[in-house]
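In what follows, a single structure is set out as structure tokens and then discussed.
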Amino acid sequence: MISYAALGLLLAYATAVILWAPTLVRHWALLDRSAAASIAVWKALMASSVLSVVLVGIALASPKLPLTTSLAALLQACARALRASYTMPGGQATGALGAAAVAAVLVRAGWGVTSEMWSGRRARRQQAQALHLVATSQRRVGGAVQVHVDSAVPLVYCLPGRPGTVVFTSAALARLSDPQAAAVQAHELAHLRRRHHLVLAGARGLYRAFPYLPLFRAAPAELARLVEMDADDVAARTHNREALATALVQLAASPSLGGALGANGAATAIRVRRLARPPRRLDGPGRIVVAATVMGLVVAPTLLVALPGIGAWAAHLCPVPPWASPAS
Amino acid sequence: MRVLWHQAEPMSVRAVMEDLNSGDRSLAYTTVMTVMENLHRKGFLTRERLGRAWLYCASQSREQHTAALMGEALASGADREGTLLRFVEAMSLPDLERLQGLIEELLPRSQPGAEE
Chain D
1 MISYAALGLL LAYATAVILW APTLVRHWAL LDRSAAASIA VWKALMASSV LSVVLVGIAL
61 ASPKLPLTTS LAALLQACAR ALRASYTMPG GQATGALGAA AVAAVLVRAG WGVTSEMWSG
121 RRARRQQAQA LHLVATSQRR VGGAVQVHVD SAVPLVYCLP GRPGTVVFTS AALARLSDPQ
181 AAAVQAHELA HLRRRHHLVL AGARGLYRAF PYLPLFRAAP AELARLVEMD ADDVAARTHN
241 REALATALVQ LAASPSLGGA LGANGAATAI RVRRLARPPR RLDGPGRIVV AATVMGLVVA
301 PTLLVALPGI GAWAAHLCPV PPWASPAS
Chain V
329 MRVLWHQAEP MSVRAVMEDL NSGDRSLAYT TVMTVMENLH RKGFLTRERL GRAWLYCASQ
389 SREQHTAALM GEALASGADR EGTLLRFVEA MSLPDLERLQ GLIEELLPRS QPGAEE
């Protein structure tokens, strides 16, 4: 039956995305030219896989949903045709299973994402308050508050919030020339303006919800690198690329406390390379391909589920001879 | 906070208010008191009773406080905690040396007449 095929296809699609998308995306050379495009594709992949599973569940559960039939015979006939195309043997059991699966996936995903988004909030607010108290100077820059603190540790970071805060330590400022400091400031402001912390929180949340799935396991680290490159790209539009690259090296020497030192050297080296030798900008055709991919990823699952319904509707409008219609 | 750090000794609300108003500001006693109570509640100030009034003291010096904040910042990381986003993450010494080599190779600085 059509509906079985469509649902099977959808599940296969979701499985393929969850298992193999990370590898495929990493090898898609076009995306290397634009960090923003990569981020969009990752977001679309995660949304698409969750959406697919949810839609499979909804489709399985549809026989349980009451179809409101209007008085017109036409609509009654449509409803009958829809039911026929969605009904499967063992309908009750699969319907219940479908509904349960949807609920489980949605609740779990929702819990993961919400808990990640909320967990940082309180800590950030407290940090922001403390920073404003110890700051040696503060001023408004580009919708955020820039704060200088007296510290021997050369550190620059941004603290998302309302408003966001950009922190420069005195040691960091001592290491940076004016153009370098301006470029770094632009990078941090880009993080705040583009709300990168939300993208990262969403990815971490889905990883928390579904930790054993390759797509969600790979996303947080991948997106962490990509948002840094995206902020670099944004800053490079209005500030000196080389200043930003040298600033990276100047500030790279600050220590970490018990943090993992592993991959950071490689990621920073990639950023320096990208700034010193920028990749060719993503042109018109490239942008169209990326946009089409993103839209396709999000829309395709919905289309696949709607196919049986569309088939039934079309069958009614163009009456099919009895020997060709599906058994009801 | 600046007043309390500067004096480095316990002060009453009135004393802080007088210090703050020594310029051309005129803050009300209740305003100063409310702010100081809030700061106490959030842990920035400690207090002890002296008769009917409270004497407030900064719980940490500015340096200590700043160091603690920077410590928190250093311990955080984008793909782990997500509280904040550092400009550049920490790296090992060999990686840092390699990075310095890379930048020298990619951006020869002191070549006169070199454009871009």
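First to last, the protein sequences are chains D and V.
Under the numbering used here, the first residue of the first sequence carries the number 1, and numbering increases by one thereafter.
Under the numbering used here, the first residue of the second sequence carries the number 329, and numbering increases by one thereafter.
Every residue gets a Cβ at the ideal spot worked out from N, C-alpha and C, and that includes glycine.
It should be emphasised that the depicted structure is a prediction, and the values quoted were computed from it without experimental measurement.
Residue i in three-state terms, based on DSSP
{"i": "Phe216/D", "result": "helix"}
{"i": "Met46/D", "result": "helix"}
{"i": "Val153/D", "result": "coil"}
{"i": "Val416/V", "result": "coil"}
{"i": "Ala378/V", "result": "Position check: residue 378/V holds Leu in this sequence, whereas Ala was assumed. In this structure, Leu378/V counts as strand in the three-state DSSP scheme."}
{"i": "Val329/V", "result": "Per the sequence shown, the amino acid found at residue 329/V is Met instead of Val. In the structure shown, Met329/V sits in coil (DSSP, three-state: anything other than H, G, I, E or B)."}
{"i": "Ala276/D", "result": "helix"}
{"i": "Ser52/D", "result": "helix"}
{"i": "Leu248/D", "result": "helix"}
{"i": "Ala386/V", "result": "strand"}
{"i": "Leu355/V", "result": "coil"}
{"i": "Leu9/D", "result": "helix"}
{"i": "Pro211/D", "result": "coil"}
{"i": "Trp28/D", "result": "coil"}
Any C-beta of chain D under 8 Å from that of residue i
{"i": "Asp352/V", "result": "no"}
{"i": "His368/V", "result": "no"}
{"i": "Val416/V", "result": "yes"}
{"i": "Met398/V", "result": "yes"}
{"i": "Glu347/V", "result": "Residue identity check: residue 347/V is Asp in the sequence provided, not Glu. Chain D contact via Cβ: absent."}
{"i": "Arg377/V", "result": "no"}
{"i": "Arg342/V", "result": "no"}
{"i": "Ala381/V", "result": "no"}
{"i": "Thr411/V", "result": "yes"}
{"i": "Pro402/V", "result": "Checking the sequence shown, residue 402/V turns out to be Leu, not Pro. By this cut-off, Leu402/V is an interface position."}
{"i": "Met364/V", "result": "no"}
{"i": "Leu424/V", "result": "yes"}
Partner residues on chain D for residue i, Cβ-Cβ distance less than 8 Å
{"i": "Met419/V", "result": "Ala252, Leu261, Asn264, Gly265, Thr268"}
Beta-ladder partner(s) of residue i, from DSSP
{"i": "Arg139/D", "result": "Gln146/D"}
{"i": "Arg426/V", "result": "Bridge partners of Arg426/V: none, in fact."}
{"i": "Phe168/D", "result": "His148/D, Val156/D"}
{"i": "Ser340/V", "result": "Leu383/V"}
{"i": "Leu373/V", "result": "Ala386/V"}
Proximal chain D residues relative to residue i, where beta-carbon distance stays under 7 Å
{"i": "Gln428/V", "result": "Val249"}
Residue-chain proximity (residue i, chain V), Cβ-Cβ < 8 Å
{"i": "Leu173/D", "result": "no"}
{"i": "Val156/D", "result": "yes"}
{"i": "Gln138/D", "result": "no"}
{"i": "Thr238/D", "result": "no"}
{"i": "Gln146/D", "result": "no"}
{"i": "Thr246/D", "result": "yes"}
{"i": "Leu51/D", "result": "no"}
{"i": "Arg124/D", "result": "yes"}
{"i": "Ser27/D", "result": "Ser is not the amino acid found at residue 27/D; the sequence shown has His there. Output row for His27/D: interface = no."}
{"i": "Thr169/D", "result": "yes"}
{"i": "Leu55/D", "result": "no"}
{"i": "Val199/D", "result": "no"}
{"i": "Leu213/D", "result": "no"}
{"i": "Leu45/D", "result": "no"}
{"i": "Leu303/D", "result": "no"}
8 Å Cβ cut-off: residues of chain V touching residue i
{"i": "Val272/D", "result": "Leu427, Leu430, Ile431, Leu434"}
{"i": "Val149/D", "result": "Thr394, Leu397, Met398"}
{"i": "Arg277/D", "result": "Leu434"}
{"i": "Val184/D", "result": "Phe415"}
For residue j and residue i, the rounded distance between their alpha carbons
{"i": "Gly161/D", "j": "Ala37/D", "result": "25 Å"}
{"i": "Ser354/V", "j": "Asp283/D", "result": "60 Å"}
{"i": "Ala292/D", "j": "Val299/D", "result": "10 Å"}
{"i": "Val272/D", "j": "Ala130/D", "result": "33 Å"}
{"i": "Thr362/V", "j": "His368/V", "result": "10 Å"}
{"i": "Glu337/V", "j": "Cys385/V", "result": "6 Å"}
{"i": "Glu228/D", "j": "Leu251/D", "result": "15 Å"}
{"i": "Arg450/V", "j": "Ala343/V", "result": "Outside the displayed span of chain V (329 to 444) sits residue 450/V, for which this structure offers no information."}
{"i": "Tyr212/D", "j": "Ala269/D", "result": "30 Å"}
{"i": "Leu373/V", "j": "Glu346/V", "result": "18 Å"}
{"i": "Val234/D", "j": "Ala190/D", "result": "6 Å"}
{"i": "Thr23/D", "j": "Ala396/V", "result": "40 Å"}
{"i": "Ala103/D", "j": "Arg281/D", "result": "43 Å"}
{"i": "Pro214/D", "j": "Glu222/D", "result": "12 Å"}
{"i": "Lys370/V", "j": "Val145/D", "result": "21 Å"}
Chain D contact residues for residue i, given Cβ-Cβ distances below 9 Å
{"i": "Ala356/V", "result": "In chain order: nothing, as chain D lies at least about 21 Å away."}
{"i": "Met329/V", "result": "Leu133, Val134"}
Chain V residues whose Cβ lies nearer than 9 Å to that of residue i
{"i": "Gln180/D", "result": "Per Cβ cutoff of 9 Å: no residues; Gln180/D is ~11 Å from chain V at best."}
{"i": "Val102/D", "result": "In chain order: nothing, as chain V lies at least about 28 Å away."}
{"i": "Gly284/D", "result": "Result: empty, since nearest Cβ-Cβ is about 25 Å, beyond 9 Å."}
{"i": "Val234/D", "result": "Result: empty, since nearest Cβ-Cβ is about 13 Å, beyond 9 Å."}
{"i": "Leu189/D", "result": "Residues of chain V passing the Cβ test: none, with the nearest at roughly 11 Å."}
Cross-chain neighbours of residue i in chain V, by beta carbon under 7 Å
{"i": "Val134/D", "result": "Arg390, His393, Thr394, Leu397"}
{"i": "Ala131/D", "result": "Per the sequence shown, the amino acid found at residue 131/D is Leu instead of Ala. The contacting residues are Leu397."}
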